[in-house]
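Under the numbering used here, the sequence shown has 139 at position 96, and the numbering climbs by one with no breaks.
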Amino acid sequence: MKSKVFFLGFSCCLLLLSACKREELPKATCLKGRLAVKGICMNYVIEVIEGQVDSSQVERLWKHPMTGKSYTRAFALRSICSFPESIKEGDEFYFSIPALPKDKMCAQCKAYSPVPNKGLSIEICE
């Protein structure tokens, strides 16, 4: 008798657990950016042009030392291996800033091109 009660109770628990749906995580908020400078060797500068970004993660105002042009809410691209080649200088696109960026390994030349001191790894939003 005890084994029947146990089996019935265990079955009910399994049924209840299978009926529960796992709460989905909220989708990352996408920001709008512009590829401001497409420097040599993937030394890219991106400006945040729409959306809320932590001001400690970007340069409020960055001036390119060679051209003298200023950029607001700018940062250096750190996720160079996953950035699409199809995005050209001046193009606008949507991106998110992952909490735990995926580190991809790829070859990068070491030629210098000025970028802001602050840099971010980003993911392009589809």
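Quick reminder that beta carbons are idealized off the backbone N, C-alpha and C, glycines included.
- Straight-line measurement puts the Cα of Cys124 at about 18 Å from the Cα of Ala79.
- Here Ser125 carries a coil assignment [DSSP, helix/strand/coil].
- Within the same chain, and ignoring the five residues on either side of Leu143 in sequence, no residue has its Cβ closer than 7 Å to its Cβ.
- Between the alpha carbons of Ile167 and Ala117 lies a gap of roughly 17 Å.
- When DSSP states are grouped into helix, strand and coil, Ser98 belongs to the helix group.
- In the structure shown, Ile130 adopts coil according to DSSP, grouped into three states.
- If you look at Gly82, you'll find it isn't in any beta strand (DSSP E); DSSP assigns it neither H nor E.
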